[in-house]
Each structure stands twice: as C-alpha cells, then as structure tokens.
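Heads up: the structure comes next, in structure tokens.
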Amino acid sequence: MPPEASPSVPLAVSRRGLLSAAAVAVGAAVASPLLSACGSKGSGGPGTTGKNELQRALPSYLPNHSVTADVPSVTGANGAISDPCFLKYPASPVTTVSGAVGSGGSYTTMTPLWGAIPPSAGNKYYDAVNKAIGATLKLQPSDGNTYGNILPPVFAADKLPDWIMIPGWLNVQLNLGEAMGTKFADLTPYLAGDKVKQYPNLANVPAAAWAAGVWNGKLYGIPTYPSAAVFNGAYFYRKDLLDKLGVSTAELKSADDLFNLGKELTHASSGVWAFDDLFGQSAAYASQLFQFTNHWTADSAGKLIYKYETDQIVEALNWQVKIVKAGYMHPDAVANTNQNGKQRFWSGKVYFEVDGTGAWNGSDAQSGTAANPGYNRQALPLMAADGKSTPTIELGNGAAMFSYLNKKLSDAQIKECLAIANYFAAPYGSAEWLKVNFGDEGVDYTMVDGNPVLTSAGNKEVATTYQFLACPPAATTVSNGFTQVAKDYATWQGQAVARAVKPLFYDMNIAEPSQYSSINKPVDDTIDDVRFGRKPISAFTDAVATWRKQGGDALRTFYDGIRDKYGTGQ
Amino acid sequence: MSAIIEDGAVPGASREAARADTVPAKRRTGWRIRIRRDRSLLIMTVPAVVLLLVFTYVPMLGVITSFQSYDIYQGFLHSPWVGIANFTNLFGDTLFWHSFANTLVISAVQLVLYFPIPIVLAVLLNSVMNGKVRSFVQSVVYLPHFFSWVLVVTIFQEMLGGAGAVNMVLRRHGLGTWNVMTDPATFKYLVTAQAVWKEAGWGIIVFLAALAAIDQALYEAAAADGANRWRRLWHITLPGMRGVIVLMLVLRLGNALTVGFEQMLVQRQAVGRDAAEVLDTFTYYYGVVNNHFSYGAAAGLFKGVLSLVLVLAANKLAHAFGEDGLFRK
Chain S
40 MPPEASPSVP LAVSRRGLLS AAAVAVGAAV ASPLLSACGS KGSGGPGTTG KNELQRALPS
100 YLPNHSVTAD VPSVTGANGA ISDPCFLKYP ASPVTTVSGA VGSGGSYTTM TPLWGAIPPS
160 AGNKYYDAVN KAIGATLKLQ PSDGNTYGNI LPPVFAADKL PDWIMIPGWL NVQLNLGEAM
220 GTKFADLTPY LAGDKVKQYP NLANVPAAAW AAGVWNGKLY GIPTYPSAAV FNGAYFYRKD
280 LLDKLGVSTA ELKSADDLFN LGKELTHASS GVWAFDDLFG QSAAYASQLF QFTNHWTADS
340 AGKLIYKYET DQIVEALNWQ VKIVKAGYMH PDAVANTNQN GKQRFWSGKV YFEVDGTGAW
400 NGSDAQSGTA ANPGYNRQAL PLMAADGKST PTIELGNGAA MFSYLNKKLS DAQIKECLAI
460 ANYFAAPYGS AEWLKVNFGD EGVDYTMVDG NPVLTSAGNK EVATTYQFLA CPPAATTVSN
520 GFTQVAKDYA TWQGQAVARA VKPLFYDMNI AEPSQYSSIN KPVDDTIDDV RFGRKPISAF
580 TDAVATWRKQ GGDALRTFYD GIRDKYGTGQ
Chain A
57 MSAIIEDGAV PGASREAARA DTVPAKRRTG WRIRIRRDRS LLIMTVPAVV LLLVFTYVPM
117 LGVITSFQSY DIYQGFLHSP WVGIANFTNL FGDTLFWHSF ANTLVISAVQ LVLYFPIPIV
177 LAVLLNSVMN GKVRSFVQSV VYLPHFFSWV LVVTIFQEML GGAGAVNMVL RRHGLGTWNV
237 MTDPATFKYL VTAQAVWKEA GWGIIVFLAA LAAIDQALYE AAAADGANRW RRLWHITLPG
297 MRGVIVLMLV LRLGNALTVG FEQMLVQRQA VGRDAAEVLD TFTYYYGVVN NHFSYGAAAG
357 LFKGVLSLVL VLAANKLAHA FGEDGLFRK
C-alpha cells in the first residue's frame, strides 16, 4: 500500500480488525475492582481513567496550520471533524524539525503490514529514513492479518521489541492493560501537559487521539493515524456501471430500495450480481444502515444492551437473508470469501459492496481502472434502513492504533525515541513527511503533477512501516495521481461528520474480564449461518440467549459499573 | 495426510523386518554388543531423534498450561494452577462435542472413500508397462500434493462454486445450479473429494514401493500355472501389499482426529461452524485466537490422549490379524 494512501490505512485496517476481533470497538483492559477475580497483576488499576485524571495525563494540543488545505476540514457533530484534503504537495516543503533527531541509537521495532513485506537488506527507503533520523530502527513488519495471533507468543516469550505497534482492536484479546507499566513505558513524565512542547509535531496530535492511549491515568500509547473522523465504512457502488445502465442512486432512500434494485441489476447468467456482501462481519457495516451501535448502547429505559440484543440487528439479518435467498448476492460473497471482494468490485461482477472507508483511495482507483478504464467508486450518502429517520454514523476512537515503548528502555533512550516519533509525526506539507512516507526523491519517488509518486523501486521498497510508530493527524491526499478520488472522499467525509454520534464509552480504555473474550464467537458464527440462509433467525435468538448466560449479562453488570464510576465518554 | 508422507521409508523397514525373520529369533545378546553391532545405524538415527526431541517432545511440555489459567504476561512459571477446571469446562461445552462429532464423521467418510483410492491407483499404475507413460501419469497425480490448501480450495471454488465454471455453464443453458462449496449438508464429501484430488496421487508412493518388493518370479510361476490376471491380483499382489496396507490403516486410525486443519480453516466461513468445526479449528478459535491458551491446550491434550489410544488399539488389531502393524511384538 503506497504511503500516500496512508490516511485511509487505519480504516481499512479497522475493517479487518472488526472481522477478527468481534467488534470490540472500545479499547482495552485492566482489571477493575469488579473483576479482581480475573487476576490482573498489571498496573493494578481499572484501565479506565476518570475525566479529571485524564486531563492531567494528556499532552497539550498545539495545532500546526502551516499548510492550508485545498478542501478544509468540516466540523461536524459531536466533535467529529473531517480530515483536511490536499490536492498538491507544497512546492517548497517546510522543515518542522531542526537539528539532530536521534543520537545514533539502535532500536528493534514490530509493526503490522497489510501488504507485501519489503526486503530489509539493501532497502534504500529504510536507509534514507534511518539516516534522516540519525538512529537505526530495525523494522520487522509482520503480516497484519495474523498479527493478533503472533503477539501472544511474543509476550509469553518476553521477546518484546523496543518499540511496538498494537492495534486497539486487539486490546481485549491481549488483555493489554496488564502490559501497561509492566512491559510498556509510562510516557506521562515526558509528554503530559506542556512537556509535549519539546516535541511540537506530537503536540499537533489532538487530545482525543491521545485519550485512548491513557491507561489508569497514565499515558502509554503514541497514537497512529489520529483522526476525528474514524468511521467503520460505507456502502460503495460502481457509478460508471450504474450510469451506463441509466440507474441513479438518488432515489435510493431505504434498505428496501436497495433490495429492489437487486432484481434489475442481477444477471447471473452473465456472471453479474447486484451485490457483494452488504453486512460485514458481526454486522460491522449493516449497523450503520440499520442504525445500531457496534457495541453497547442504552435502551430507552437506560438499560445497557449489546448490539446482539437490538431489534435492528434482527431487521438487518432479515434484510440480508432476503437478498441472499433472492439470488442478488454474488455466490462467492455468499461463500463469505470477502478477501476477494475487491476483485469482484473492480472487475464489475458486482455493483454494490461495503468496505472500510480506507478502500476509497488512489491505489483502489489504480487497480479498478486497470480492470476497467472507466472505473468510478462512489459511496452512498448515509441513509437509514427505514428511509425515514435521520441517519447517523458511529464515530470511532480518536486513533485506532497505538505504539508503545518497552519499559526496559532507559530515560535517554525513551527521549531519543520520542524525538524520532516527533519526526515521524511531521505534518503533511513538510519535508519530513515526504522523507518518512517516500524516502529520497529520484530514488523511491518522483514528483508528478505536484504530487509524489513512487518509482518502480519505491513500489518494492516503500511500505507503511514507520508510520505505524507515530504519524501526524490524518489528511486526505492525492495518491497515484487520482485527484478526483481525493476530492470525492473529502466531500463524503465532510457530509458524514455532520451525522456523527459518539457511541457509549467513546475513547475509553475498558478492561473487559478476559474470561468472556470468546463468548462473541459462537454468536458471530450463528450470525453468518443466518445471514447466508443456512439457519433460521430463531437460531440467532437462541445463540443470544446462550451468550447472555455465558457472560453477556455479567458484562452488562461490568459496564454498568464503568458507567456509574467513569461515565460514558460523551 | 501427513502420515502418508512420513511413511515413505516404511517399505524398507518392513523388508528389514522380513530379513530379521531369517535370523534365529530371541538370541540373547548383551546391550553393549548390540550397540556396538548397530553403531553406525544408531548414529544415523541421532539427527532424527534430536529433531523429534527438540521440536516434538520439548514443546509437549506446554501441556502443563492445560492445568493452569495461563496468562501471557506471567508465563508458565507464574500462571495460577487451576487443576482440571479447563477439562470440566471443556467437557461441558456443547461446541466442543459438536466439533468432536464432526471430526469423527469426516474421518469416517475419509476412511471409507479416500483410503482405498491410492491402493487402487497404485495397482493400476503398476500394471502400466510403458515406463514413459507411467512416469508421466505419476508426475501428474503427484503434482496437486504440492499445492497449498488455499490454492486447492480456490481451484474448487473457481470450478464448482456458485459463480464457478460448472455452474456458469449450467446457468447459461437454463439449468439448475448447485453451489456445492456452500452446502453444509455435503461438506464432508466435498472435503474428501478435495483430499482425494490433492493427496491420492502422493499416497500411492508407499504402495508402489510395496508392489516393487513383490518377487516377480511369483507372477511368472502363477502365469505358468494358468492363473489369470485377477487370480494373480488376488493371490499375489494383494497379499504382497497387505502388510503395508495394514500399517497405513493403523497410522490412519491413529490420525483419525486430525482431518486437515488448513482445509477446514479456509472453508469454515463458506459452510459455517456446524459443518466445518473440527477439533483443530475449535482449538484454534477458542484457544489461540481468543487468547485462552489453557482451554485450547486442554482440547489438544484430550485429542492427543485419544489418538494414542486409537493408534495402540489399531496396532493391537493388526497383531491380532497376524500383521506387524507399527512394531513387532
């Protein structure tokens, strides 16, 4: 994935996270007093942090506005702000870091990578960045899809690198709260309040992003891809193909409208179906259309209910199964092979699909136009399934992924790493940003029409690596020369932020008792059975009843406790 | 399936055993003398023994986690002991028993539908006289063994899936379609078919070796006595292969609870948990993925113990029929 696509990376990633992490969207965990039974010996407090205490741990926010966005951020509802969009890289990039960055240290790192792992030996991009930071970071990117499965052995063997990135959706699975203060270094003394001023680029990262890196009142995580417009995904369609058929999406107002379009668009004998998956693993995407939260929510009486217990998820399942039974969904999507979903969309075998917002960028346009020159991906404006209510969209945490420094590092080493993080966090438009994302000009990239484009060497050597340790607030940028794609995405995001709502426990690190970490799996399996028509809807209600007994009700009590003590992060 | 590969060396071993028959049995020899006599053979086995110890026996110590509530931050040494709690939970878990039942059913189907195929193939191939044709056919049927399961499943999906080649032809001719790739009811036959496609060719190696060991003079003598092709097959070929067939059967039974982890993992999403959850995927999803290592270890240990019982029972059965089985009595 070329780095210019980077603003969207976490979103693409968060989709996968949802696929595997059973949509535990709220951060992670340390045992609270309620669950001292589960034996956490970590930093010893409730992972959650009260509001006042949080303010003491958070770094000050000193925004940097040195580069003016071509499409400025839109301030939406509930603190959501769309990412600024830049159409041309400044001709003379500003320098944001002066003097030596590192002091020649050498550090091991570990980051996930969703894509081909570049060669480490003789990688000129790595060499260029390491030279610029005056230190050696030994990069060890690992396959992002299995990242959650290799981390437990890494912890168990105590083979942690000096600097590691851990996506927030793995927090519960890893019971990560236990690692805070025992494995990872407390960064509060270095960054809290005005101390962050020594690292001006880190000070440019907003507080909402830092908040989910705070555990028990102390700051541990460095946010990556901070954004005030983190959304799960969108309903996408092939505008070019629909235009050809004279089908307009303007009349699409409800889930039923979408279903009705299925008959018109499906031509199975030509190998074309109207829809790919429209639901997402564990309702990750259908939750927006059917207007339920992906985690806990309060019913009208104030009782906490989980998404499984909402009426809307049943409606969503019925809708999805109706599409499958009518034969409007591509058979491979019914086989749940969503890893090939993009190919089906690119090659025009389906007209509609759901995907993470990160799917909408210049690399996608490049792959799409390779299959089909007129390729045009567009997202449907937000809609509510019933066609009447005002649609909303759930706002994700201020950052979905965090990097952590090893506790074994000395004070001087931590300072060196933070200085390096400061370099990586240089904002779009700076000389440092180009270096971190593209390496050296003429080697790994060239400027084409005012934007950096990777050379063929760059395509092999450059990957999202350093950015997963620290990076500036997300920006929508032109990738592979597809200016219109950046504009379209910025427009959609600008409209979506107006509909943003904060879910309960927004931006809070909450320690779920680890013994319940697998109770969602049987329900999610049953959801798949139901939505693909293998089992009746009653199987789902039965599975939810079992889920309640196996720990769902206990979790409700647990979250009630959190709500009483710490609020809901609104 | 891996058992079949490992046993490439077995025919040699059985010949070794046959040779040993001619030596007066049970001659009491001191162990020093025996070691000296077999010195070079023993040295040759050392690397294999070391590999086995390091990569199989040492990791086995990990089963202690099944008696702990293992915590990745505290390691083996500091994780609390919980006795047999993991096993009590496991045995009360309907999902576990469901995966156990699935494993047995798939294993039984594979035993009946898969096991005889390499034997038949080997006999057929052995009757091909033309050396070039024979090696060509051999190469063709071996090849799928080297494909990964992901690739095999993709090929099946492209051919037999709902949008695959076969169904597209049916659809164009206005005929009904059948998406066998997402049909939970026939999943056990689908996985068996895939196993046959991928592994049957490779499985014939060991049987071909057994066939090669049959004395050709027996055939000539039988032919001279007027035995036709079928009589020769029945009285010479099959008895000649019997030892190897029984051995493979014993190994297969010992592996009855291993029905292909990757194959299931790749296809579980297409047919759902009820059809595709086997012991290995259960251990993976409820042990590894959700960080309940102790629970997964308990399921793994249960499977290991049961497999040991199975292999010993099958071996006993082999002895009862007068065959060598895994080892001579």
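If you read the protein sequences in the order shown, they are chains S and A. Under my numbering, think of the first position of the first sequence as 40, with each following residue one higher. Under my numbering, think of the first position of the second sequence as 57, with each following residue one higher. C-beta atoms are modelled at their ideal positions from N, C-alpha and C, and glycine is treated no differently.
Within chain S, the residues that residue i reaches when beta carbons sit closer than 7 Å
{"i": "A:MET224", "result": "GLY310"}
{"i": "A:VAL315", "result": "Simply none; closest approach about 19 Å."}
{"i": "A:PRO240", "result": "ARG573"}
Within chain S, the residues that residue i reaches when beta carbons sit closer than 8 Å
{"i": "A:GLN213", "result": "ASP371, ALA374 and THR376"}
{"i": "A:TYR342", "result": "SER557 and LYS560"}
{"i": "A:GLN325", "result": "ALA374, ASN375, THR376 and ASP567"}
{"i": "A:GLY217", "result": "PRO370, ASP371 and ALA374"}
{"i": "A:MET320", "result": "Result: empty, since nearest Cβ-Cβ is about 13 Å, beyond 8 Å."}
{"i": "A:ASN186", "result": "Residues of chain S passing the Cβ test: none, with the nearest at roughly 42 Å."}
{"i": "A:ASN25", "result": "Because residue 25 of chain A is not part of the residues shown, which for chain A are 57 to 385, the question remains open."}
Neighbourhood of residue i by C-beta distance below 6 Å, restricted to the same chain and skipping five residues each side
{"i": "A:PHE270", "result": "Position check: residue 270 of chain A holds Ile in this sequence, whereas Phe was assumed. Cβ neighbours of A:ILE270 beyond the five flanking positions: GLY296."}
{"i": "A:PHE317", "result": "ASP336"}
{"i": "S:TYR545", "result": "GLY608"}
{"i": "A:SER58", "result": "Reliability fails at A:SER58, whose pLDDT of 39 lies under 50, so the model's placement of it is uncertain and the value that follows must be treated cautiously. Correct list: empty, nothing qualifies."}
Selection from the options that minimises the alpha carbon distance to residue i
{"i": "S:TYR100", "options": "S:GLN212, S:VAL136, S:TRP249 and S:ALA167", "result": "S:TRP249"}
{"i": "A:GLN319", "options": "A:ALA251, A:VAL168 and A:VAL196", "result": "A:ALA251"}
{"i": "A:ALA141", "options": "A:GLY356, A:THR238, A:GLN124 and A:TRP87", "result": "A:GLN124"}
{"i": "S:PRO158", "options": "S:VAL501, S:THR148 and S:TYR274", "result": "S:VAL501"}
{"i": "A:SER204", "options": "A:PHE338, A:GLU333 and A:TRP253", "result": "A:TRP253"}
{"i": "S:SER386", "options": "S:THR429, S:TYR414 and S:ALA539", "result": "S:TYR414"}
{"i": "S:GLN405", "options": "S:LYS381, S:GLY183, S:GLU392 and S:ALA470", "result": "S:LYS381"}
{"i": "A:LEU167", "options": "A:TYR245, A:PRO103 and A:ASN223", "result": "A:TYR245"}
{"i": "A:PRO200", "options": "A:GLY343, A:LEU181 and A:GLY257", "result": "A:GLY257"}
{"i": "S:ASP122", "options": "S:LYS198, S:PRO265 and S:THR134", "result": "S:PRO265"}
{"i": "S:LYS302", "options": "S:ASP201, S:TYR555 and S:TYR367", "result": "S:TYR367"}
{"i": "A:LEU146", "options": "A:PHE383, A:PHE338, A:ALA370 and A:ALA374", "result": "A:PHE338"}
{"i": "S:ASP233", "options": "S:ALA224, S:ASN548 and S:ASN243", "result": "S:ASN243"}
{"i": "A:LEU226", "options": "S:ALA307, S:SER442, S:ALA160 and S:THR376", "result": "S:ALA307"}
{"i": "A:TYR198", "options": "A:LEU177, A:VAL161 and A:GLY217", "result": "A:LEU177"}
{"i": "S:GLN506", "options": "S:PRO206, S:LEU199, S:ASP197 and S:GLY86", "result": "S:PRO206"}
Chain A contact residues for residue i, given Cβ-Cβ distances below 7 Å
{"i": "S:ALA218", "result": "TYR129"}
{"i": "S:ALA307", "result": "ARG227"}
Partners in chain A for residue i, counting only beta-carbon separations shorter than 8 Å
{"i": "S:LEU213", "result": "ILE128 and ASN347"}
{"i": "S:THR221", "result": "TYR129"}
Neighbourhood of residue i by C-beta, 8 Å cutoff - its chain only, sequence neighbours within 5 removed
{"i": "S:ALA174", "result": "VAL140, GLY141, SER142, GLY143, GLY144, SER145, TYR146, GLU455 and ILE459"}
{"i": "A:PHE171", "result": "MET304, LEU305 and ARG308"}
{"i": "A:THR242", "result": "VAL236"}
Residues near residue i by beta carbon distance below 7 Å, same chain, minus five either side
{"i": "A:GLY220", "result": "GLN213 and GLU214"}
{"i": "S:PRO491", "result": "GLU43, TYR128, LEU473, PHE477 and TYR484"}
Under 9 Å from the C-beta of residue i: neighbouring residues of chain S
{"i": "A:ASP330", "result": "ASP564, ASP568, ARG573 and LYS574"}
{"i": "A:MET116", "result": "Those do not exist, as A:MET116 stays about 16 Å from chain S at its closest Cβ, beyond 9 Å."}
{"i": "A:ASN371", "result": "Within 9 Å Cβ-Cβ: nothing; A:ASN371 doesn't reach chain S, min ~35 Å."}
{"i": "A:MET100", "result": "Near A:MET100 there are no residues of chain S at all, since even the closest Cβ is about 34 Å away, more than 9 Å."}
At a CB distance below 9 Å, what residues from the stretch 181-210 of chain S approach chain A? Give them in sequence order. GLY187, ASN188, LEU190, PRO191, PRO192, VAL193, PHE194, ALA195, ALA196 and ASP197
To be precise: take each residue of the stretch 372-404 of chain S, compare its Cβ to all Cβ atoms of chain A, and keep it if any distance is under 8 Å. Which residues remain? VAL373, ALA374, ASN375, THR376 and LYS388
Can at least three beta-carbon pairs, one atom from the stretch 444-461 of chain S and one from the stretch 550-563 of chain S, be found at a separation below 8 Å? no
Is the stretch 91-99 of chain S in contact with the stretch 455-469 of chain S, if contact means three or more CB pairs nearer than 8 Å? no
State whether the stretch 306-325 of chain S contacts the stretch 352-363 of chain S, with contact taken as three or more CB pairs (one from each stretch) at a distance under 8 Å. Cβ pair count under 8 Å is three or more, so yes.
Residues from the stretch 567-592 of chain S in contact with chain A, defined by Cβ distance under 8 Å: ASP567, ASP568, PHE571, ARG573 and LYS574
Taking Cβ-Cβ distances below 8 Å as the criterion, which residues of the stretch 140-166 of chain A are in contact with chain S? LEU151
Any chance the stretch 215-227 of chain S sits against the stretch 159-170 of chain S, with 3 or more Cβ pairs inside 8 Å? no
Using a Cβ distance threshold of 8 Å, determine whether the stretch 575-582 of chain S contacts the stretch 337-356 of chain S, with at least three qualifying pairs required. yes
Cβ contact (3+ pairs, closer than 8 Å) linking the stretch 181-196 of chain A and the stretch 219-239 of chain A: no
Would the stretch 348-365 of chain A count as touching the stretch 111-122 of chain A if we require 3 or more Cβ pairs under 8 Å? yes
Across the stretch 507-523 of chain S and the stretch 106-126 of chain S, are there enough close Cβ pairs to call them in contact, namely three or more that are closer than 8 Å? yes
Okay, do the stretch 578-593 of chain S and the stretch 326-334 of chain S touch, 3+ Cβ pairs below 8 Å being the bar? no
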